[in-house]
Structures are given as structure tokens and as C-alpha cells.
Amino acid sequence: MSSTKASAAVQSVVNDLLAELHLKSGCDKIGLTRESFAAILCEVGSKQSAEATSEGELRAFFLSLRVDELALARACAAGENSAWEIFLTRFREKMYQSALRIAREDSAARELADTLYADLYGTNTRSGERVSKLASYTGRGSLEGWLRTVLAQEYVNRYRRTKRLVSLDEESEEGVQFQAPEPDPVPPADARLTQVTDEAIAQLPAEDRTVLSAYYLDGRTLAEIARLLGVHESTISRKLDKLAKTLRKQILAGLVRRGLSRRQAEEAMEVDVRDLQVDIRRGLTQDSAPPAFSEKSVEARVREGPG
Amino acid sequence: MEKVPQVVRERLKAGVPVSTHPDAEVLTAFAERSLPERERTSVLEHLARCHDCRDIVALALPETEAVQTVAIQARPRWMTWPAFRWGFAMAGVAIVALGVLQYQRRTQPTASMVAQRTSAPQPYPQSPPAAETVPAPAPSIAKQEADHSVVSAMSTKRASPLGLDREATMERPQAASPNPSGNARSAFGGPVRYGPSQPNLAQQQQQQQSPARVLPFAAAPAGKQQAGGVGYGRGGIPPASESVEVQSPALTVSTEAKITASGAAATAPSAPAQQLFDDLASPAVGKAKAPITVPGRRLAASANTPQPPPVPAAPSNPRWSISSTGSLQRSFDQGATWQDVNVSSAAAENFTAYSANQVVVLEKSRARQADADKKTALKAIAAPVFRAVTAAGSDVWAGGSNGALYHSVDAGDHWVRVVPVSAGATLSGDVVAMQFSDSQHGTVTTSNGGVWVTSDDGQTWQKQ
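Chains A and B, in that order, give the protein sequences. Each position in the first sequence, counted from 1, maps to that position plus 8 in this note's numbering. Each position in the second sequence, counted from 1, maps to that position plus 974 in this note's numbering.
This is how it looks when you write it as C-alpha cells:
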């Protein structure tokens, strides 16, 4: 069975590296036994490895883990008080600060941080087992970063939920139809344009598409996108410029290939631009849609509203 | 900047619905740039279509250096300032009062005074008294006035050789004396009976003979009590009492000064106070200088012109930046002024001194790498053009052209050149970005696409 093969491979690598990793982890100080630590490593390794993962890759993976933070997190998840003390000293304040940066408002930040803290501390299930979110930390990223990510996830989930509710309310309040009227039958040019555009976009590497989405759909600044991807701001600016040119060129070429004259193709793009302005918000088939309203107005609403 | 056609935006939105969102682990590793290439691409695939996850990653990013909110220890100037003044005022008062007391006690070596003080008498070297002195009447407790006048008579004769060069030193104590005498009383609490008489005495003295004041100051620390020998031809008790008195007020003074000084939490006030203590505690030492006056003057001067205390115990961490020409800069005043930081000379020193430790190696023998890295280091000894700097407290990393990567643990005073090596490959290209999520874990990105990760504060590195 592939899974047993994989886990056997993981096991052997873990055994190999256990001494070194155990030393790095400092489990002894936080009440984690060597055996439990080895078991944790195996679990983490199994999640990571596929059948095709070579031993070298596994070794590199284990060596790149932050075993000290992993040990701390797991010890906390198991309820070790000494581990919790360390965790509190190191992270409680940072958690609150990160929450503040995310929620941008004091009471919301506190609530966010406290909720997460409760999740981390764990609750007892009916069967008496302690379930803590920290058990899902695997040491791939820093614990601090992981905490920030989890905070952000919580925030986004909550925020999106309330926002969707809000937008519905607002719709009925203001009597505005957000559902655009049934479109006129799409002229063939549009279909071709759509197709060609899809193709052009699909050809782009994932990073380029992410940059485009972040810039045009999320409205992020160049600096934010640059930070997201770990590059310089000017790189993003240049990339966007180049993409705009390339896409335009490719769409035109594609339309021409499909039988339009160059002039027609250009017109198709222009015309489409004007038309699309109206139903840009409509028919969002993305799994999660960008905000319908500016964040500020919605935020104000969220604060005033229930909860 | 040219915009993409609108249709592109439309179609971007209309992507294939995303399946499962990557979990927090993966997103964190992505944000910290420690994902292997394959996984990074697949996360990007998801991010290209998932607005929520893009938001999450953006929110979860650590703060940049530009908005570094390092909690700089606010120098409690407002707090130390009045305490500082108080410390000095008290110390100044103490000094003057002590001087006056000294002056007085020398004329009244009594058994009662001895009884008051219980500390062991210090050896009190007496110069041959008889030869130099004017015969003095038997001092008694009650005859303060007489004694003082006697002493002043004595001192007049005696002090003339000293008077000239001591004249200047008298001004300060005189200025300070009228006020503090009342305070001195409260400060010391001890020789109460001298308290009220002090001001009158002092003023009388000063009116009569200006050099009179010289005596106490010259006498107290100076072991050679030539004048001191005067009233004490008898020897025995007087020296003991005198030395005893010197000591206890000294102790009191120093304690007072020390307490207030430590309350001020500044090094400056304690220095003169310490000196005072040292001086007073060693009257036997033949210091010819006038230590009391000097610190007194210094302290009094300081009391009048308040200066902020010097660098507090804990240096605040500077902000870091890179100038437009690529030089590394730091600011200790939240960006008001910037100083260039030179890494090369310091690094060169460090490198040659600690070459073996500095080399960062993964799975290679250090000896072998040391040579290779020395060469690299020598190549880059000329000041590098920096492109990225990151700091967490006083732990600073700076990277720039030609693989220049420098690390400092003392906020930029000393630097160590770090050359990441992993599986035979050395970091090359320009360092364009660095991210250190904490003091141990960090990622360095280079211009040729290399991503180097460390989890032990730069001791070992792994190339992604």
C-alpha cells in the first residue's frame, strides 16, 4: 500500500533525524517526551509526503521544520502548563497586536484575539478529549506567522459572513436592484472576445494572474502586492505594465485569428469595455467575491449593526 | 501605467470555482516564503482565483521595516529630570553641610560627640600639631563661638598660603551654604545642635575672614590635617571623634546621594555622588585636591542648569533604512536624523577574527568552506550597495549587491558577514528581500530567484 510505504519512509527518516531534531526542539523543558515528539514528527511528515516524495526531500522537509515551535505548540495542545507559560509570554501580546492590525479597531481586535486564544487553549469534547487548534500547527511556518494567518482567517470568515448579510439588507433598504436586467443576447463578437480573453489569461503563469487579480479585483496597492509575493514594488509595476500590453496584443491577435479584422477586433474590445462597465458586479462566478461596497462603508455598518 | 482591457478584468473574475482553500500552515509558509517551488505555484494557482485567501495572506503578512513599531523605551526624561535635580541638590547640600560640620567639629572634639558615633575611628594621621599651631584654648562643647573664633584666627594664619589658590573654591560653598544648612539638618538628622548655628557661624566667618571656609574643605578629605592638628594637640579623642564624624556624615551623605541618584536612574548623578562618597570615606588618604569643592561646584552648577541625563541603561533600538545610494542607515530618534552605518571595516575585522564561526554551512566541513568564504568575503569587503534591511529589536540583517549579507546583534555597532551555503551552492546575486519572522527564522531572496531560509539565526541555511 502506498500509504504504508510512505509512512514507513517517513518513519525511517524520523528515526534518523530524531536525535538532532529532539535537541533542537527543547521538548524536555516543556514536558514533551521524546516518544511523543517522534510520533508528532511522523504525523507531520505523513501529511506532507506523497508517495513520490524522495528521502532527500523528506530529510530537507524535516530539517526545515521549526521543531522548537512545533514542540511548544503540541505541548500546549496537550495541556502542559510549562508550555503554556512560555506560549503566553511570547505570543499573547503579539496576538493582540496582530489582531489590532487586522481588525483595525480595538474592541473587535480584542474579541478576535480572545476567541482565538480560547480555541488554542482547547475545549474538552464530550468524550473528554482536549481539542486544541494548536494541534494542527505543523511547524512549516513560524508559529507567530501561523497565529497571524489564523487570526486573518477568522476575521475574513466572520467579516464576509456579516458583509453578505449587510449587503442584502442594504439592497432591500435602498431598493436598488443589484441584479442586473437580463442581458441582451450576446453578440457573437462578445463570445469570441470572452473566449479569446480566457485563453490569454489561462496562458499566464499563476503569479501573474494573482498579481492581476490582486490589483484589479481587490484594489490592492503595488506595495501590498509586492509584499505579498516577496518582490520589490517596481517589479510589480513593471509586471503589470507588461501584462497589460501582452494581453491586449494577444486578445487582438486571437480575435483576428477568429475572423475579425483588426479594426473590428479593436472595436470589439472598446465596445465591450463600455458595456461591461454596467454589469461588472454581476454574474460573479468566483468562489468568493470581492466586496460590493467600499470596505469603509461596510465596516461602519458592521460596527453599527448587530454584533 | 497601462491598464489591461476591461474584458480581462471581467474574465479574471469569472474563473473556475476554487476547490479547497490551503490551510493556515501552507498560507503562513507561503507568506514567509518558505514553501518549495512546486507548492508555491499551486498556492498561487489558488490565490489567483480566491479573493478571500488573497485577503488572508495580505492580512497575515508581518509588518515591514518601514512601519516597524519597535517599542522603543521612552526615555523617562520627564521623570528623571526632577529626580536628577533633587539628587544633585541633595548631594550638593550634603557636601556643603558636611563641610560646615567638619569645620565646626574640628573645634569641638568632645566625648559626647564620640559617644554619638559608634563607628570605628579611622586612623587619622596628624601632622605635628605643635610646631604649626597657635596655642588653642581648651575646646568645650558650649564654647562654640569661642572655638570658632579661635579656629578662624588660626586658620587665618594658616590659610594664607592656601587662601590664594583656594579663594575661587570658596565662592561656591558660600553661595550654597545659606540655603542648605536648614536642609542639611533634615538630610542628616544627626548633628542637630549644629544646625541652627551653622548659618550664623558661616556668615560670621565669611564676613570676618574669607579664607576661613577653606579649612573645612581642605581639612575633610585631606589627610594632612595641618590645621586640624591645631585644636587637638592633645591627640587621642579628638582625632578619633573627628574621623568618626567625618565618616558618619560621609556615610549619611553618600547614602542620601546614592538613594536619590539611583532613584533618578541616571549614571551621571551617581558618579559625582560616588566620588563624594569615595572622597569622604577616605579622609586619611592624602588627597591634596579639594574634592568636595569640585564636585560641589559641579553639582551646584548642574543643579542650576538642568541637563538631560546621559544615555539610559537600556539603549533604544534604532530604525533602519537604506539611502537612495544604497548605503545602510540607522536612526535613533525615530527617523529625525540618520547616520550611515559602515559594515565593511567592522565586518572585515570580525571576519578575520571569527572566520570559522561566521561561515554558515550546511552539511559541509567548515574548514573547507572557510577558504572559499574568505575569498568571497575579501571580494566584497568594499562597501556593498544595500538593498534590503530588516530588524527585530537589536538584531539586524542587511543585504545587498553581490550576495552581501550582514548581521548585527547589537543594533548595528558590530557586523558579521554571513555567506549562506547550502548543498554546495553559495548565495549569489543581489539580496533583494529579507524577511525575519523572529530572531531565529528568516528568508533571504536574491535577484536571481534564489530563496534562502534559515531557522537558527543565520547559522545554517537552506536554499529553496
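All C-beta atoms in this analysis are idealised placements derived from N, C-alpha and C, irrespective of residue type, glycine included. Please read all numbers here as calculations on a predicted model, not as lab measurements.
How about residue i: is its C-beta nearer than 8 Å to some C-beta of chain A?
| i | result |
| --- | --- |
| residue 1064 of chain B | no |
| residue 1436 of chain B | yes |
| residue 1442 of chain B | Here chain B has residues from 975 to 1438 only, and residue 1442 of chain B is not among them. |
| residue 985 of chain B | yes |
| residue 1300 of chain B | no |
| residue 1035 of chain B | yes |
| residue 1046 of chain B | In this prediction, residue 1046 of chain B scores a pLDDT of 45, lower than 50, which makes its location untrustworthy; no coordinate-derived value is stated. |
| residue 1074 of chain B | no |
| residue 1431 of chain B | no |
| residue 1003 of chain B | yes |
| residue 1413 of chain B | no |
| residue 1394 of chain B | no |
| residue 1382 of chain B | no |
| residue 1026 of chain B | yes |
| residue 1365 of chain B | no |
| residue 1372 of chain B | no |
| residue 1080 of chain B | no |
| residue 1335 of chain B | Confidence in residue 1335 of chain B is poor, its pLDDT being 41 and thus under 50, which makes the residue's placement too unreliable to answer from. |
| residue 1399 of chain B | no |
| residue 1011 of chain B | no |
For residue i, does the three-state DSSP call read helix, strand or coil?
| i | result |
| --- | --- |
| residue 125 of chain A | helix |
| residue 1309 of chain B | coil |
| residue 226 of chain A | coil |
| residue 1377 of chain B | helix |
| residue 21 of chain A | helix |
| residue 1008 of chain B | coil |
| residue 1391 of chain B | strand |
| residue 1385 of chain B | coil |
| residue 1430 of chain B | coil |
| residue 41 of chain A | coil |
| residue 1080 of chain B | coil |
Check whether the Cβ of residue i lies closer than 8 Å to any Cβ atom in chain B.
| i | result |
| --- | --- |
| residue 193 of chain A | Caution applies to residue 193 of chain A, whose pLDDT of 45 falls short of 50 and renders its modelled position unreliable; the value that the coordinates give is listed next. With 8 Å as the cut-off, residue 193 of chain A does not count as an interface residue toward chain B. |
| residue 158 of chain A | yes |
| residue 129 of chain A | no |
| residue 61 of chain A | no |
| residue 277 of chain A | yes |
| residue 36 of chain A | no |
| residue 110 of chain A | yes |
| residue 220 of chain A | yes |
| residue 253 of chain A | yes |
| residue 229 of chain A | no |
| residue 125 of chain A | no |
Could you round the C-beta distance between residue i and residue j to whole angstroms and report it? I think they count as a contact, below 8 Å.
| i | j | result |
| --- | --- | --- |
| residue 147 of chain A | residue 77 of chain A | 6 Å |
| residue 244 of chain A | residue 234 of chain A | 5 Å |
| residue 1417 of chain B | residue 1403 of chain B | Residue 1417 of chain B to residue 1403 of chain B, Cβ: 15 Å. No contact. |
| residue 1396 of chain B | residue 1415 of chain B | About 15 Å; that fails the 8 Å criterion. |
| residue 1361 of chain B | residue 1296 of chain B | 7 Å |
| residue 80 of chain A | residue 48 of chain A | Not really, about 11 Å apart at Cβ, beyond 8 Å. |
Quickly, what does DSSP pair residue i with across the bridge? List them, please.
| i | result |
| --- | --- |
| residue 1419 of chain B | B:1407, B:1425 |
| residue 1302 of chain B | B:1296 |
| residue 1438 of chain B | None, per the DSSP bridge assignment. |
| residue 1317 of chain B | Answer by DSSP bridge pairing: none, since residue 1317 of chain B is not bridged. |
| residue 1372 of chain B | B:1363, B:1380 |
| residue 1399 of chain B | B:1396 |
Among the candidates the options, whose CA atom is the shortest distance from the CA of residue i?
| i | options | result |
| --- | --- | --- |
| residue 214 of chain A | B:1019, B:1308, B:1076 | B:1019 |
| residue 20 of chain A | A:159, A:260, A:62 | A:62 |
| residue 1033 of chain B | A:156, A:200, A:264 | A:156 |
| residue 1388 of chain B | B:1370, B:977, B:1427 | B:1370 |
| residue 1000 of chain B | B:1358, B:1430, B:982, B:1021 | B:1021 |
| residue 1405 of chain B | B:1428, B:1359, B:1432 | B:1359 |
| residue 118 of chain A | A:158, A:99, A:107 | A:107 |
| residue 988 of chain B | A:221, A:232, A:66, A:237 | A:221 |
| residue 1014 of chain B | A:126, A:236, A:271 | A:236 |
| residue 260 of chain A | A:89, A:239, A:129, A:204 | A:204 |
| residue 130 of chain A | A:153, A:84, A:17 | A:84 |
| residue 1372 of chain B | B:1011, B:1424, B:1315, B:1400 | B:1315 |
| residue 199 of chain A | A:116, A:263, A:113 | A:263 |
| residue 56 of chain A | A:73, A:110, A:44 | A:73 |
| residue 33 of chain A | A:128, A:216, A:75, A:125 | A:75 |
| residue 996 of chain B | B:1011, B:1008, B:1016 | B:1016 |
| residue 325 of chain A | B:1035, B:1074, B:1070, B:1080 | Because chain A spans 9 through 315 in this model, residue 325 of chain A falls outside it and cannot be assessed. |
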